[in-house]
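**Q** For reference, the structure I am asking about is given below.
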Amino acid sequence: MNIMTYKGYAANIEYSDDDECFIGHIAGIKDRVGFHGESVAELKEAFHEATEDYLSTCATVGKEPQKPYSGRLMLHIPPELHATIAMAAR
240 MNIMTYKGYA ANIEYSDDDE CFIGHIAGIK DRVGFHGESV AELKEAFHEA
290 TEDYLSTCAT VGKEPQKPYS GRLMLHIPPE LHATIAMAAR
């Protein structure tokens, strides 16, 4: 599975052999927003359109759009593991 991003929203992307196209869904929100395209360029354009449509629809119906993932993950781990991860990241 691959990921594409736009305006802070991420999308899960898969290829469908049955449909012979790429299929994507915006990840991390409860609303189901899907899109598809036969090429990467079409898929990217469809993702942008789907995101804009989602934001526009939320505004039209007076609903606050769900926020995409922030990229921050707070958790507690043992100091030794933290040090190991920090060294591996360098």
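All residue numbers for the sequence shown refer to our numbering, where the first residue is 240 and numbers rise by one. Even glycine gets a Cβ: it sits at the ideal position worked out from N, Cα and C.
What residues in its chain sit with their C-beta under 6 angstroms from that of residue 307, if we drop five residues either side in the sequence?
**A** Cβ within range, chain order: 247, 248, 267.
**Q** Quick check: the region 258 to 265 against the region 273 to 292, are at least 3 beta-carbon pairs closer than 8 angstroms?
**A** The region 273 to 292 vs the region 258 to 265: in contact.
**Q** What does the alpha-carbon distance come out to for the pair residue 279 and residue 320?
**A** If you take the alpha carbons of residue 279 and residue 320, they lie about 39 angstroms apart.
**Q** Quick one: what's residue 255 bridged to in DSSP?
**A** DSSP, once it has assigned bridges, lists 260 as partnering residue 255.
**Q** Verify whether the separation of the beta carbon atoms of residue 272 and residue 299 is less than 9 angstroms.
**A** No, these two residues do not count as a Cβ contact at 9 angstroms.
**Q** Which same chain residues end up closer than 7 angstroms to residue 305 when comparing Cβ atoms and leaving out the 5 residues on each side of it in sequence?
**A** Closer than 7 angstroms at Cβ, skipping near neighbours: 268, 269, 270.
**Q** Does residue 257 come within less than 9 angstroms of chain D when only Cβ atoms are used?
**A** Note that chain D does not occur in the displayed structure, where there is just one protein chain.
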